[in-house]
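**Student:** Encoded as structure tokens, here's the structure I'll be asking about.
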Amino acid sequence: MSQNSTDQRQQLRRQMRRLRRALSPRQQREASRELLRRLTAMPMFHRARDIALYLPNDGEIDPTPLIEFCWRQGKRTYLPVLHPIRHNRLWFVPYTRNTPMHRNIYRILEPKVSASPRRPAMGLDLVLLPLVAFDADGARMGMGGGYYDRTFAFKQRKGPQGPALIGLAHDFQRVEKLPVASWDIPLAGIVTDRARYGFRR
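Sequential numbering of the sequence shown, starting at 1, is according to the UniProt record's numbering.
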């Protein structure tokens, strides 16, 4: 990726993060309700038993009502945890109402690894991940750490593909075109507060 593309990504990342944080609590609640409605209408979601999600941070669209819906439906939910040894990778740890939590180096709440078993990324059915921006081709811009790309790099190889990756975002985070790096993992779809976007793979 060229230096110009890198600079463009950084500028866009700052802009989108600023727009997310500017949303009022009421706007966030309304977006979260719409997200729940759209996701729970998807057959892919209803088929999944082991689902990884996230707790919102930095203005990300909030999937917390969806987590509670999963619990009522008897689905198993998992949260990402920073890998303590392999940097820039994630573990996935079961998450319930009683899971002990702490803040990681980014001040984001995550389960305490010592208190919970881990689920291999390949063993999940569905991963709902946050993003900063996306385009019509399914390219995703994250926070820049590369955690999800490295964790799911196996999806670029031949063989078992593991879970479907679905990005969650506010609809205003859609842009015309994102520069793509060779290590970027494509998404199967994106769900926002206003629409569902699917991509051929």
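C-beta: ideal position from N, C-alpha, C; glycine also.
Identify which residue in 153, 83, 127 has its Cα closest to the Cα of residue 52.
**Tutor:** For the purposes of this step, residue 52 is identified with residue 52 of the sequence shown, where counting begins at 1. The candidate whose alpha carbon is nearest that of residue 52 is 127.
**Student:** Check residue 164 in the structure and name its three-state DSSP category.
**Tutor:** Start at 1 with the first residue of the sequence shown, and residue 164 comes out as number 164. In the structure shown, residue 164 sits in a strand (DSSP, three-state: E or B).
**Student:** Taking one C-beta from the stretch 164 to 184 and one from the stretch 93 to 113 each time, how about it: are there three or more such pairs within less than 8 angstroms?
**Tutor:** These segments do not touch.
**Student:** For a quick check, are the C-beta atoms of residue 35 and residue 135 less than 8 angstroms apart?
**Tutor:** Looking up residue 35 in the sequence shown gives position 35. Looking up residue 135 in the sequence shown gives position 135. The answer is no: Cβ separation not under 8 angstroms.
**Student:** Can you list, in chain order, the residues of its chain with a C-beta nearer than 6 angstroms to that of residue 82? Leave out the 5 residues immediately preceding and following it.
**Tutor:** Within the sequence shown, numbered from 1, the residue matching residue 82 stands at position 82. Excluding sequence neighbours, residue 82 sits near 104.
**Student:** State the CB to CB distance for the pair residue 76 and residue 94, rounded to an integer number of angstroms; the pair is presumed to be in contact (CB under 8 angstroms).
**Tutor:** For the purposes of this step, residue 76 is taken as the residue at position 76 of the sequence shown. For the purposes of this step, residue 94 is taken as the residue at position 94 of the sequence shown. 7 angstroms between Cβ atoms; contact.
**Student:** To test your reading of the DSSP string, which unbroken beta strand (DSSP E) runs of 3 or more residues are found completely within the stretch 84 to 117?
**Tutor:** 90 to 94, 101 to 103, 109 to 111, all fully within the stretch 84 to 117.
**Student:** If you follow the beta strand (DSSP E) that residue 79 is part of, which residue opens it and which one closes it?
**Tutor:** In the sequence shown, counting from the first residue as 1, residue 79 sits at position 79. Here the beta strand (DSSP E) through residue 79 covers 76 to 82.
**Student:** Beta-carbon separation of residue 132 and residue 17 under 8 angstroms?
**Tutor:** Here residue 132 is taken as the residue at index 132 of the sequence shown, counted from 1. Here residue 17 is taken as the residue at index 17 of the sequence shown, counted from 1. In contact: residue 132 and residue 17 (Cβ atoms closer than 8 angstroms).
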